[in-house]
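Student: First the structure, then my questions, so here it is.
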Amino acid sequence: MRIEDTHPTLAAARRLDTTVRAHAAETNSARCLAAPLVDAFVEAGFYRMLIPKAVGGEEVPPQVFVSVLEALGKADGSAAWCVMVGATTGLVAALLPEDAAREVFPKDVVPSGVFAPIGTASVEPGGLRVSGRWPFASGSERATVRLAGVVVKEEGQAPRVSHVLVAPKDMHVVDTWRTAGLRGTGSHDMVAESVFVPDARTLSLFGAKPRHGGPLYAFPFFGLLSLGIAAVAMGVASAALDAFAELAAKKTPGGSKRALNQRETVHLRFAEATAALGAARAFVAVAVADAEAEARAEGAVSVPKRATLRLAAANAVRASAAAVDLVYGAAGGSSIYADHPLQRQFQDVHVATQHMMVAEPVWTLAGRVMLGVESDTSQL
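Numbering (my numbering), first residue to last: 29 to 408.
Structure follows, in structure tokens:
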């Protein structure tokens, strides 16, 4: 038995499976995570998974983080995605002074954030004056703190990237999230207009040294983010395989006397989908284990292992979509209806494939690193 299988946070995710499924339709139609789920996730500690224990977080091992998100993704992709964004936002607590981290990330915190430095900031005594509009702010409507990336412009200095933690009262959300899949994430735009952010709520994500030790904080930030996306996609794909198996046992296509699960072509497609997902999951597990071992031994993760992490995550999302496509096609006309689980799973997994953290350039960069070609690896 793997250590992560007995972890209490993963046990909590499994216990909440029925609850998450029960609220999936509400979350999807409202384009916002159902309020009872937010409360349940806070109580379970999901949003604090990557926050240091020293400031009240869970500080779970990376593989537990992946397993929790996959379990939640199997119940509902949108719910898992909101947790993924919230939990990875919580990582920045490791970069803050302890007092600030405890204040910004209390036990009942619900974080959200957009790390891309789309906003602008100017330096003022004691902090930054921030303005901007950040799209893809998943879970922002329910958030108790919002992180935003900015470019700081200071006279006589080169522009620099910074990140700010803003109270919801100082930002507003613009309803823009009308998408085919992952509708329940509520990934609207968040807007700040000349908001003052004190120095205690600003940080540098790039090049900053975490104030806490442990292998989790030696992991590359974007590696953890991409693994989170992969975990959600794998959960959605796993749910699609289950939904198809249930359908195949019951459905007898018109003009046939045999149920779907009695057809050889269906056997082949289901086996292909299962193998694709299983192989991707195994690659992720090995990449995470190797990176964590190096983090424990060396206090850092090398560029080759960072590249492998990103490749494993990108591959997992691609394989998850391929697995869903196989069973979606084999289901025939049943899968086209909006109220069939396969339809939502098809839409959700394909929205996940479009995230820049797992897009085609990641494959190219990983290949360059593995071939020893000089590359800009700052985003690994």
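Using N, Cα and C, we set each Cβ at its ideal position, and we do this for glycine too. Remember, predicted model here, so these are calculated numbers, not experimental data.
Can you list, in chain order, the residues of its chain whose CB lies under 8 Å from that of A394, leaving out five sequence neighbours each side?
Tutor: Cβ neighbours of A394 beyond the five flanking positions: A335, T336, R338, L339 and A342.
Student: Could you check which residue in A259, V223 and L288 has the C-alpha nearest to that of S150?
Tutor: That would be V223, whose Cα lies nearest to the Cα of S150.
Student: Rounded to the nearest angstrom, what separates A276 and L399 at their Cα positions?
Tutor: The straight-line gap from Cα to Cα measures roughly 44 Å.
Student: Is M199 helix, strand or coil by DSSP?
Tutor: Of the three classes helix, strand and coil, the one that applies to M199 here is coil, per DSSP.
Student: For the beta strand (DSSP E) containing M218, list its first residue and its last residue.
Tutor: H216 to P226 is the extent of the beta strand (DSSP E) around M218.
Student: Please state the DSSP three-state secondary structure of H409.
Tutor: Absent from the structure is residue 409, since the part of the chain shown begins at 29 and ends at 408.
Student: Let me know if F93 comes out buried or exposed under the rule of 16 or more other beta-carbons within 10 Å of its beta-carbon.
Tutor: Result: buried.
Student: Jot down the residue ranges of each uninterrupted beta strand (DSSP E) in the region 315–355, minimum 3 residues, whole runs only, in chain order.
Tutor: As far as the region 315–355 is concerned, it has no whole beta strand (DSSP E) run of at least 3 residues.
Student: Return the first residue and the last residue of the alpha helix (DSSP H) that W65 is part of.
Tutor: One detail in the question is off: residue 65 reads as Leu in this sequence, not Trp. Here the alpha helix (DSSP H) through L65 covers A63 to A72.
Student: Quick one: is L252 buried, meaning 16 or more other Cβ sit within 10 Å of its Cβ, or exposed?
Tutor: With 16 or more other Cβ atoms within 10 Å, it is buried.
Student: Please state the DSSP three-state secondary structure of G160.
Tutor: G160: strand per DSSP, three-state reduction.
Student: First and last residue of the alpha helix (DSSP H) that includes R396?
Tutor: Run containing R396: E388 to M398, per the alpha helix (DSSP H) assignment.
Student: In the DSSP assignment, find the alpha helix (DSSP H) that holds K135 and state where it starts and stops.
Tutor: Per DSSP, K135 belongs to no alpha helix (DSSP H) and is neither H nor E.
Student: Have a look at the DSSP bridge pairing and note the partners of P145.
Tutor: G177.
Student: Does the distance from the C-beta atom of G212 to that of A99 stay below 8 Å?
Tutor: No; because the gap between Cβ atoms is not below 8 Å, this pair is not in contact.
Student: When you compare only the Cα positions, how much space is there between A351 and A323?
Tutor: Approximately 32 Å between the Cα atoms of the pair.
Student: Any idea if P80 is buried or exposed, counting beta-carbon neighbours within 10 angstroms, 16 or more meaning buried?
Tutor: P80 should be labelled buried.
Student: For E373, count the other beta carbons within 10 Å of its own beta carbon; 16 or more makes it buried, fewer makes it exposed. Which is it?
Tutor: Sequence check: residue 373 is Gln here, not Glu. With 16 or more other Cβ atoms within 10 Å, it is buried.
Student: DSSP three-state call for H35: helix, strand or coil?
Tutor: The answer is coil: DSSP assigns H35 none of H, G, I, E or B.
Student: Looking only at C-alpha atoms, which of V194, A171 and D318 sits nearest to A228?
Tutor: Measuring from the Cα of A228, the nearest candidate turns out to be V194.
Student: Does DSSP put L193 in a helix, in a strand, or in coil?
Tutor: In this structure, L193 counts as strand in the three-state DSSP scheme.
Student: One question on the structure: do R192 and V178 come within less than 8 Å of each other, judged by their Cβ atoms?
Tutor: It should be noted that the sequence gives Val, not Arg, for residue 192. Cβ distance < 8 Å, so V192 and V178 count as in contact.
Student: Near A62, which residues of its chain fall below 7 Å by C-beta distance, leaving aside the five closest residues on each side in sequence?
Tutor: For A62, where only same-chain residues beyond five positions count, the Cβ hits under 7 Å are H51, E54 and T55.
Student: How big is the Cα-Cα spacing for R309 and S95?
Tutor: Looking at the two C-alpha atoms, the distance is approximately 10 Å.
Student: State yes or no: is the C-beta of L244 within less than 8 Å of the C-beta of P36?
Tutor: No, they are not a contact pair.
Student: Within 10 angstroms of its Cβ, does P139 collect 16 or more other Cβ (buried), or is it exposed?
Tutor: P139 comes out buried.
Student: Quick check on T207: does DSSP put it in helix, strand or coil?
Tutor: Coil, per DSSP.
Student: For E402, name the three-state secondary structure that DSSP assigns.
Tutor: In the structure shown, E402 sits in coil (DSSP, three-state: anything other than H, G, I, E or B).
Student: Taking only the alpha-carbon atoms, compute the straight-line gap between F249 and L119 and give it to the nearest angstrom.
Tutor: About 8 Å.
Student: Below 8 Å on the Cβ atoms is my contact criterion, and I expect V202 with S166 to pass it. Report the Cβ-Cβ distance as a whole number of Å.
Tutor: Incorrect: roughly 14 Å between the Cβ atoms, too far for contact.
Student: Please report how far the alpha carbon of E300 lies from the alpha carbon of L354, in whole angstroms.
Tutor: Going from the Cα of E300 to the Cα of L354 covers about 8 Å.
Student: Could you pull out every residue in the same chain whose Cβ sits closer than 6 Å to the Cβ of F74, ignoring the five residues on either side in sequence?
Tutor: Closer than 6 Å at the Cβ level, and outside the excluded window around F74, lie V111.
Student: How would you call V142, buried or exposed, if buried means at least 16 neighbouring beta carbons within 10 angstroms?
Tutor: That one is buried.
Student: By Cβ distance below 7 Å, which residues in the same chain neighbour K102 in space, the five residues on each side in sequence not counted?
Tutor: These residues qualify, in order along the chain: G263, S266 and A267.
Student: Quick one: grab the DSSP three-state call for G155.
Tutor: Strand at G155.
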